[in-house]
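*Asks:* From first to last, the protein sequence lines stand for chains A and B. According to my numbering, the stretch in the first sequence is residues 342 to 603, in order. According to my numbering, the stretch in the second sequence is residues 342 to 603, in order. Let me begin by handing over the structure; questions about it come next.
There are 2 protein chains.
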Amino acid sequence: MKIGYVQFNPEFGNVEGNLNHVKDALEEIDADLIVLPELFNTGYTFTDIKEVHELSEDIPNGRTTKFLSELAKKHNLFIAGGLAEVSEGRLFNSAVLVGPDGYIGKYRKSHLFFEENLWFEPGETGFQIFNINGVNVGMLICFDWIFPEAMRTLALKGADLILHMTNLVLPFYQISATTRAVENKVFIILSNRYGTEKRNGREFRFTGQSEIVSPKGEILVQSLAEEDDVKIIEINPEEARKKSINEYNDLFKMRRTDLYFK
Amino acid sequence: MKIGYVQFNPEFGNVEGNLNHVKDALEEIDADLIVLPELFNTGYTFTDIKEVHELSEDIPNGRTTKFLSELAKKHNLFIAGGLAEVSEGRLFNSAVLVGPDGYIGKYRKSHLFFEENLWFEPGETGFQIFNINGVNVGMLICFDWIFPEAMRTLALKGADLILHMTNLVLPFYQISATTRAVENKVFIILSNRYGTEKRNGREFRFTGQSEIVSPKGEILVQSLAEEDDVKIIEINPEEARKKSINEYNDLFKMRRTDLYFK
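Structure (structure tokens):
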């Protein structure tokens with residue numbers, strides 16, 4: 342299975358330009374699955390809720406989901422990416438998964454970071470598994486990383502591969518993802534953006550260094566802190582199904598659920 | 342609060358020598374709490390269950406617990422250390438906590454690594470908090486680290502400081518401890534041993550690099566991979582009580598227990 346990501350510097354509010362960047366980035370690639378960053382179509386730095394309403398879209402009937410579905414059909418692959426969602430007037434920091442046959446599913450960010458709490462509602466979709474060509478994938482968005490229960494829940498439900506869409510402002514998760522991969526024995530695609538956004542007194546600098554991590558905690562590939570980049574590598578998702586590390590230790594079977602949270 | 346650890350290379354089966362090493366190491370120190378490695382009194386590489394029975398001790402009435410209690414009284418401090426425990430014929434990979442007034446409590450390793458499963462029973466003490474001079478401490482032993490629920494349970498019960506006694510054979514946890522500290526906002530004392538043990542065809546090389554990590558994930562102090570060392574630093578345990586990282590994000594209050602493990 343050939344998996345990868347697009348790292349770039351989305352321009353705030355320029356949906357047309359950001360979609361075109363992705364379209365161009367995928368033109369020549371050979372991949373089965375591509376992950377885009379959080380809020381890849383709009384940029385991150387909202388400054389009032391009116392802007393969020395203007396830039397949010399229905400999933401699956403909005404422009405961005407349709408665009409990604411067409412791209413997935415054209416290139417015969419699966420694509421996950423983050424976007425602001427509006428649903429009956431409610432706003433979510435969401436991610437969508439599409440494939441050659443169109444829309445598959447969405448995830449609404451469970452743990453909102455900083456001022457996202459002013460615009461979005463915490464998601465209630467929970468941590469769901471989507472099966473794509475026999476491989477179990479789960480989606481997470483950015484700050485979800487710091488709560489070990491989030492990826493753990495996906496792994497316990499059978500996730501082989503975590504599609505993690507981020508707009509990281511600290512360089513911490515790029516290291517911590519190796520711990521998350523090892524403790525859960527899963528692959529992680531960490532698709533981060535880079536660049537600086539300054540708007541109305543707010544300023545965020547995003548840390549790039551997108552990466553793909555193996556169930557052994559190896560960083561298989563990584564981008565620089567500031568570059569447009571597409572990385573694609575071949576993995577064997579079966580490696581994530583083996584939770585034993587020696588004949589005595591199966592990391593899932595030996596969990597002490599009799600002792601946890603008690 | 343002055344906290345620290347002793348890193349050394351215990352000699353297998355030489356309890357007298359190992360206790361004397363600790364006694365000498367603590368002779369000149371100024372500390373409130375010292376953590377010793379896992380199985381610091383016996384060494385690690387048991388090769389049959391008879392050896393384990395011979396070297397295991399009652400807690401608190403065995404030689405090592407009494408020795409540590411006397412040392413704690415003499416230096417007016419708290420000490421945690423790992424030892425093999427026998428209790429009504431049952432064997433555990435345990436840790437003991439003592440203070441100036443004697444024995445305080447014990448922890449029996451919940452997640453046994455590799456051939457430890459041949460000698461020891463998985464612990465059933467669970468993850469308990471001990472209050473020492475107003476500071477909440479919890480104990481973990483080595484392989485417990487890879488199960489995020491272990492330290493999480495201690496942190497949710499109010500642990501400020503994790504006393505983590507190890508005989509690590511990989512250098513992975515020394516990095517992952519920064520993730521554990523950040524996700525739980527606790528201090529961690531990682532007291533590891535170093536050196537190589539070869540016995541009856543078995544060989545383990547332990548990775549040293551003991552360290553103390555802050556709730557921000559900073560490695561405050563660290564030893565080399567191969568050295569006898571004692572490190573003591575002053576910390577403010579109050580720093581572990583603040584689980585909020587900005588006005589919108591309290592890492593404990595915003596946990597989505599409605600979504601985890603479902």
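Using N, Cα and C, we set each Cβ at its ideal position, and we do this for glycine too.
Run down chain A in chain order and give the residues with a C-beta less than 7 Å from the C-beta of histidine 452 of chain B.
*Replies:* The contacting residues are Met595, Arg597.
*Asks:* Measure the C-alpha to C-alpha separation of valine 478 of chain B and glutamate 368 of chain A and round it to an integer number of angstroms.
*Replies:* Those two C-alpha atoms are separated by around 55 Å.
*Asks:* Which runs of the alpha helix (DSSP H), 4 residues or longer, sit entirely within the segment 344-386 of chain B?
*Replies:* Taking only runs of at least 4 residues, the alpha helix (DSSP H) segments lying wholly in the segment 344-386 of chain B are 356-366.
*Asks:* Any idea if leucine 647 of chain A is buried or exposed, counting beta-carbon neighbours within 10 angstroms, 16 or more meaning buried?
*Replies:* The question about residue 647 of chain A has no answer, for chain A in this structure spans 342 to 603.
*Asks:* Counting only Cβ pairs nearer than 8 Å, list the residues of chain A close to tyrosine 444 of chain B.
*Replies:* Within chain A, no residue comes near tyrosine 444 of chain B; the closest Cβ sits about 22 Å away, beyond 8 Å.
*Asks:* To the nearest angstrom, how far is it from the Cα of aspartate 570 of chain B to the Cα of valine 347 of chain B?
*Replies:* Aspartate 570 of chain B and valine 347 of chain B: Cα-Cα distance of roughly 6 Å.
*Asks:* Would you check if the distance between the CB atom of alanine 425 of chain A and the CB atom of leucine 481 of chain A is smaller than 8 Å?
*Replies:* No, they are not a contact pair.
*Asks:* Straight-line CA distance for lysine 572 of chain B to threonine 466 of chain B?
*Replies:* Whole-angstrom Cα-Cα distance: 29 Å.
*Asks:* Does the beta carbon of threonine 507 of chain A sit closer than 8 Å to a beta carbon anywhere in chain B?
*Replies:* Chain B contact via Cβ: absent.
*Asks:* Can a CB atom of chain A be found closer than 8 Å to the CB of glutamate 456 of chain B?
*Replies:* Chain A contact via Cβ: present.
*Asks:* From the DSSP output, which residues share a beta bridge with glycine 536 of chain A?
*Replies:* In the DSSP output, where bridge partners are listed per residue, glycine 536 of chain A has A:Phe547.
*Asks:* Identify the contact partners of phenylalanine 488 of chain B in chain A, using a Cβ-Cβ distance below 9 Å as the criterion.
*Replies:* Within chain A, the residues near phenylalanine 488 of chain B are Glu524, Leu592, Met595, Arg596, Arg597, Tyr601.
*Asks:* Extract the residue ranges of the alpha helix (DSSP H) inside the segment 462-511 of chain A, only unbroken runs of 4 or more that lie entirely within it.
*Replies:* Runs found: 489-497.
*Asks:* Under 7 Å Cβ-Cβ, which residues of chain A neighbour phenylalanine 468 of chain B?
*Replies:* The answer, in chain order, is Leu600.
*Asks:* In angstroms, rounded to a whole number, what distance separates the CA positions of proline 556 of chain A and valine 427 of chain A?
*Replies:* Approximately 35 Å between the Cα atoms of the pair.
*Asks:* How do the segment 488-503 of chain A and the segment 410-426 of chain A stand: do at least 3 beta-carbon pairs fall below 8 Å, yes or no?
*Replies:* Touching, no.
*Asks:* Mind pulling the chain B residues with CB within less than 9 Å of serine 428 of chain A?
*Replies:* Correct list: empty, because the minimum Cβ distance to chain B is about 18 Å.
*Asks:* For serine 532 of chain B and valine 476 of chain A, what's the separation of their Cα atoms in angstroms?
*Replies:* When rounded, the distance between both Cα atoms is 40 Å.
*Asks:* Going along the chain, which residues of the segment 547-566 of chain B sit with their C-beta nearer than 9 Å to a C-beta in chain A?
*Replies:* Answer set for the segment 547-566 of chain B: Gly558.
*Asks:* For tyrosine 385 of chain B, decide whether its Cβ has a neighbour in chain A, counting only Cβ atoms nearer than 8 Å.
*Replies:* So, not an interface residue.
*Asks:* Does the beta carbon of phenylalanine 513 of chain A sit closer than 8 Å to a beta carbon anywhere in chain B?
*Replies:* With 8 Å as the cut-off, phenylalanine 513 of chain A counts as an interface residue toward chain B.
*Asks:* Report yes or no: do the segment 551-566 of chain B and the segment 515-523 of chain B share at least 3 C-beta pairs separated by less than 8 Å?
*Replies:* As far as the Cβ criterion goes, the segment 551-566 of chain B touches the segment 515-523 of chain B, which means the pair count is three or higher.
*Asks:* Whole-angstrom Cβ separation of glutamate 398 of chain A and arginine 404 of chain A, contact assumed at under 8 Å?
*Replies:* Contact holds; Cβ gap of about 6 Å.
*Asks:* Give me the chain A residues within the contact set of threonine 494 of chain B, using Cβ-Cβ distance strictly less than 9 Å, ordered along the chain.
*Replies:* Within chain A, the residues near threonine 494 of chain B are Leu600, Tyr601, Phe602, Lys603.
*Asks:* Please list, in chain order, the chain A residues whose beta carbon lies closer than 9 Å to that of tyrosine 589 of chain B.
*Replies:* Those within 9 Å of tyrosine 589 of chain B in chain A are Leu453, Phe454, Phe455, Glu456, Glu457, Asn458, Leu459.
*Asks:* Answer yes or no: do glycine 358 of chain A and threonine 383 of chain A have a C-beta to C-beta separation smaller than 8 Å?
*Replies:* Against a cut-off of 8 Å, the Cβ pair of threonine 383 of chain A and glycine 358 of chain A comes out as no contact.
*Asks:* Using a threshold of 8 Å, state whether the C-beta atoms of lysine 343 of chain B and aspartate 371 of chain B are closer than that.
*Replies:* Cβ distance < 8 Å, so lysine 343 of chain B and aspartate 371 of chain B count as in contact.
*Asks:* Taking only three categories from DSSP, how would you classify leucine 424 of chain B?
*Replies:* The answer is strand: DSSP assigns leucine 424 of chain B an E or B state.
*Asks:* Give me the Cβ distance between glutamate 538 of chain B and threonine 386 of chain B, rounded to the nearest whole Å; I'm assuming they're in contact under 8 Å.
*Replies:* That belief holds up - the Cβ atoms of glutamate 538 of chain B and threonine 386 of chain B are roughly 4 Å apart, short of 8 Å.
*Asks:* Throw me the rounded Cβ distance for the aspartate 485 of chain B and serine 451 of chain B pair, which I believe falls under 8 Å.
*Replies:* Confirmed, Cβ separation roughly 6 Å.
*Asks:* Determine, for leucine 611 of chain B, whether the minimum Cβ-Cβ distance to residues of chain A falls below 8 Å.
*Replies:* Since the first residue shown for chain B is 342 and the last is 603, residue 611 of chain B is missing from the structure and cannot be characterised.
*Asks:* Classify aspartate 389 of chain B: buried if its beta carbon has 16 or more other beta carbons within 10 angstroms, exposed otherwise.
*Replies:* Flag for aspartate 389 of chain B reads exposed.
*Asks:* Would you say serine 517 of chain A reaches chain B, if we count a Cβ-Cβ gap shorter than 8 Å as a contact?
*Replies:* Yes, contact with chain B.
*Asks:* Where threonine 406 of chain B and phenylalanine 461 of chain B are concerned, what is the direct C-alpha to C-alpha distance, given to the nearest angstrom?
*Replies:* So the alpha carbons of these two residues sit roughly 19 Å apart.
*Asks:* Between the Cα of phenylalanine 513 of chain A and the Cα atoms of A:Tyr444, A:Pro351, A:Glu552, A:Ile586, which residue gives the shortest distance?
*Replies:* Answer by Cα proximity: A:Glu552.
*Asks:* Which residues share a DSSP beta bridge with valine 437 of chain A?
*Replies:* The partner list for valine 437 of chain A (beta bridge, DSSP) reads A:Gly422, A:Lys447.
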